[in-house]
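Protein chains: 2
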Amino acid sequence: MGSEPASRTPRYAEILAILRGEVASGVFPVGATLPSEAELCQRFSVSRFTIREALRRLQSDGIVMRVQGAGSRVVRTTPASVFVQRYRSVSDLTQYAEDTHLEVQSISDVELGEGVARQIGGAAGETWCYVRALRRADVSAAEVLAVVESYVPRRFAKLAREVESISGPIYAALSSAAREPIENVEQEMQALPAPVHVAAALGLTADAPVLRIMRRYSAASGTLIASFNWHRGGDRYIHRASLSLDAG
Amino acid sequence: MGSEPASRTPRYAEILAILRGEVASGVFPVGATLPSEAELCQRFSVSRFTIREALRRLQSDGIVMRVQGAGSRVVRTTPASVFVQRYRSVSDLTQYAEDTHLEVQSISDVELGEGVARQIGGAAGETWCYVRALRRADVSAAEVLAVVESYVPRRFAKLAREVESISGPIYAALSSAAREPIENVEQEMQALPAPVHVAAALGLTADAPVLRIMRRYSAASGTLIASFNWHRGGDRYIHRASLSLDAG
DNA sequence: AGTATAGATTTAACTGGACAAATTGCGAGC
DNA sequence: GCTCGCAATTTGTCCAGTTAAATCTATACT
């Protein structure tokens, strides 16, 4: 690498591979700081630009975190992902058109049982605000697309009562109210026999197969909202996703 | 921008914002090529490094595609994603531990009906290789985790016959055989009543709710493999995903 | 012991320059 | 009209250098 660059592999890519290998083999374990850019320039006899190209890609891989004044700290030992699925809009995530209408049926305080508590990130015995609603294509549509059961922490009960009039996704309004960004969304999907109230709302026979999608939107302080969305089975509702190779 | 940089906003970020605005407002529509780096350096009176930082981020946003020798072509007018879900391994994607065992029950040539053809990216009337298999935790396990029905183009029939002995994911082996990278994965999930052969294999009553996940792995030439995975309903199989805000 | 400040260190932003590699368009030849 | 080769153009890789901004550590003061 003190000589001419190999015609095929850029120098930064060679250095990147070496650094990846050293992280993976434990030379630099999680928590360790890599040598500084200046030290790496000396070690590999290349310009700072070349080192920065390698380090930039290590950061993009999620392997290091680069901090001005501090250095490059290892945060994981393997690349962060293989496939990636990008959701470009709320309607991509929920698979409703953005102008669907949520009609609230009831709002009440409920004490969480163990099962629900575990799923929504609360604790058994806690009191949360429970909202049952029907989702339709628009205000005047007769057909129910989905039954939606949401749990919101008690401190947001007031906001939950206004859910029909909120424009944009409710999780964004809750994020604003909490003054915290949504940090992640957990999603669980399973096939279930339709409970009585779901079968009735969706016009199904009792115990017909339905797809239930639970989504939990969390900030640093915990769950802001968790919703159970009950959809018809078969071709009446197909949850689609498109993944691409991660270009990291 | 010919003067001192604003203390807060890097110059490349200002240029990025301007270029984003010009793309969004139609000055550069999808398909158009942005001015060259050299022209942008002249326009904004900055060095090529600064322009490249802006363009690099436009590419990372998914807004342009930069091609050596050709320029930066606009491929979309808005940033590509809001939420992102990363799959770090095959087991993340399929939600099987990596050492599960696939036991082939039958392999045959089938002529595609319209419905299946549409789902798997083939054409009605085409002959594909059909593989029916059972997935178990390991070779000696008695319990069937899932019923797997796969469709593979006829040209890969030989490889399909060796599916039990392939180490690593079958789609990677097919990608090698085709000498093409997997470009994307389409996934469809729906709740269905268990067909007879699925109910029998999973030990369910006829018409019990099951979750069917179809995954289609495609290269530029088309579908390399499409598999229908039939899972038990209820808490016996929960398909989980974790999404984070896209740091784009 | 706790806090503030100064200096050293490290990465971020930026300049100007060079050569290599890939693409595109044009002209010539068949 | 089609194909091939060459030149112009554009982005990729890389160098050497500078100043700015952020972090960390050590020292001094209360």
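As you go down the protein sequences, you meet chains A and B in turn. For the record, in the first sequence the residue sitting at position 74 is 74 according to this note's numbering, with numbers rising by one throughout. If you want this note's numbering, it's the 1-based position in the second sequence plus 248. The beta-carbon is built from N, C-alpha and C at its ideal position, and this holds for glycine as well. A quick note: this is a predicted structure, and the numbers were derived from the prediction, not measured.
Original post:
How far does the alpha helix (DSSP H) with residue 102 of chain A in it reach, from first residue to last?
Top reply: Note, residue 102 of chain A: premise wrong, no alpha helix (DSSP H); beta strand (DSSP E) at 101-111.
Original post:
By the 10 Å Cβ neighbour count, where 16 or more other Cβ atoms means buried, how is residue 118 of chain A classified, buried or exposed?
Top reply: exposed
**OP:** Name, in chain order, the residues that DSSP records as bridge partners for residue 306 of chain B.
**Re:** Checking the DSSP bridge columns, you'll see residue 306 of chain B has no partner listed.
**OP:** Use the C-beta contact count for residue 458 of chain B: other C-beta atoms within 10 angstroms, 16 or more gives buried, fewer gives exposed.
**Re:** buried
Original post:
If you follow the beta strand (DSSP E) that residue 433 of chain B is part of, which residue opens it and which one closes it?
Top reply: 432-441
Original post:
Does the separation of the CB atoms of residue 216 of chain A and residue 121 of chain A fall below 7 angstroms?
Top reply: Contact annotation: residue 216 of chain A and residue 121 of chain A have beta-carbon atoms nearer than 7 angstroms.
Original post:
Can you pull the DSSP bridge partners for residue 493 of chain B?
Top reply: Note: residue 493 of chain B sits in a beta bridge opposite B:331.
Original post:
Quick one: what does DSSP say residue 126 of chain A is sitting in, helix, strand or coil?
Top reply: Correct three-state label for residue 126 of chain A: coil.
**OP:** Would you please verify whether the beta carbon of residue 188 of chain A is less than 7 angstroms from any beta carbon of chain B?
**Re:** At least one chain B Cβ lies under 7 angstroms of residue 188 of chain A.
Original post:
Taking the beta strand (DSSP E) that residue 397 of chain B falls in, what are its first and last residues?
Top reply: Secondary structure note for residue 397 of chain B: its beta strand (DSSP E) is the uninterrupted segment 392-401.
Subject >> Own chain residues within Cβ distance below 6 angstroms of residue 383 of chain B, not counting five before or after >> reply: 348, 350, 393, 394 and 396
**OP:** Over the uninterrupted alpha helix (DSSP H) stretch that includes residue 43 of chain A, give me the two end residues.
**Re:** Residues 37-44.
Original post:
Quick one: does residue 228 of chain A have its CB under 7 angstroms from some CB of chain B?
Top reply: no
Original post:
Quick one: what's residue 212 of chain A bridged to in DSSP?
Top reply: The partner list for residue 212 of chain A (beta bridge, DSSP) reads A:190 and A:230.
Original post:
Would a C-beta distance cut-off of 7 angstroms place residue 456 of chain B and residue 442 of chain B closer than the cut-off?
Top reply: yes
**OP:** Apply the 10 Å Cβ neighbour rule to residue 54 of chain A and answer buried if 16 or more other Cβ atoms are within range, or exposed otherwise.
**Re:** buried
Original post:
Run through DSSP, which three-state label would residue 175 of chain A get?
Top reply: helix
Original post:
Can the beta-carbon of residue 213 of chain A be found less than 7 angstroms from the beta-carbon of residue 171 of chain A?
Top reply: Contact check for residue 213 of chain A against residue 171 of chain A fails: the beta carbons are separated by 7 angstroms or more.
**OP:** Take the Cβ of residue 48 of chain A as the centre, count every other Cβ of all protein chains shown within 10 Å, and call the residue buried at 16 or more, exposed below.
**Re:** exposed
Original post:
residue 361 of chain B: buried (16+ other C-beta within 10 angstroms of its C-beta) or exposed?
Top reply: By the neighbour-count criterion, in which a residue is buried when 16 or more other Cβ atoms sit within 10 angstroms of its Cβ, residue 361 of chain B is exposed.
Subject >> Best match in A:50, A:79 and A:187 for proximity to residue 492 of chain B [C-alpha to C-alpha] >> reply: For residue 492 of chain B, the closest of A:50, A:79 and A:187 by C-alpha to C-alpha distance is A:187.
**OP:** Whole angstroms is fine: what's the gap from residue 447 of chain B's alpha carbon to residue 453 of chain B's?
**Re:** 6 angstroms
Subject >> chain B residues whose Cβ lies nearer than 7 angstroms to that of residue 241 of chain A >> reply: 435
Original post:
Count the other CB atoms within 10 Å of the CB of residue 284 of chain B; is the residue buried (16 or more) or exposed (fewer)?
Top reply: exposed
Original post:
Hey, residue 237 of chain A and residue 438 of chain B are a contact pair by Cβ (cut 8 angstroms); roughly how many whole angstroms apart?
Top reply: That belief holds up - the Cβ atoms of residue 237 of chain A and residue 438 of chain B are roughly 7 angstroms apart, short of 8 angstroms.
Original post:
Relative to the alpha-carbon of residue 179 of chain A, which residue among A:222, A:165 and A:227 has its alpha-carbon at the smallest distance?
Top reply: A:222
**OP:** Could you tell me how far apart the beta carbons of residue 330 of chain B and residue 312 of chain B are, in whole angstroms, since I believe they sit closer than 8 angstroms?
**Re:** Between residue 312 of chain B and residue 330 of chain B the Cβ distance is about 19 angstroms, and since that is not below 8 angstroms, they are no contact.
Subject >> Three-state class that DSSP yields for residue 204 of chain A in the structure shown >> reply: coil
Original post:
Is it true that the CB of residue 440 of chain B sits closer than 7 angstroms to the CB of residue 234 of chain A?
Top reply: yes
Subject >> Beta-carbon separation (whole angstroms), residue 379 of chain B vs residue 414 of chain B, contact threshold 8 angstroms >> reply: At roughly 12 angstroms, the Cβ-Cβ gap does not stay under 8 angstroms, so residue 379 of chain B and residue 414 of chain B are not in contact.
Original post:
With burial defined as no fewer than 16 other Cβ atoms inside 10 Å of the residue's Cβ, what is the status of residue 124 of chain A: buried or exposed?
Top reply: With fewer than 16 Cβ atoms within 10 Å of its Cβ, residue 124 of chain A is classed as exposed.
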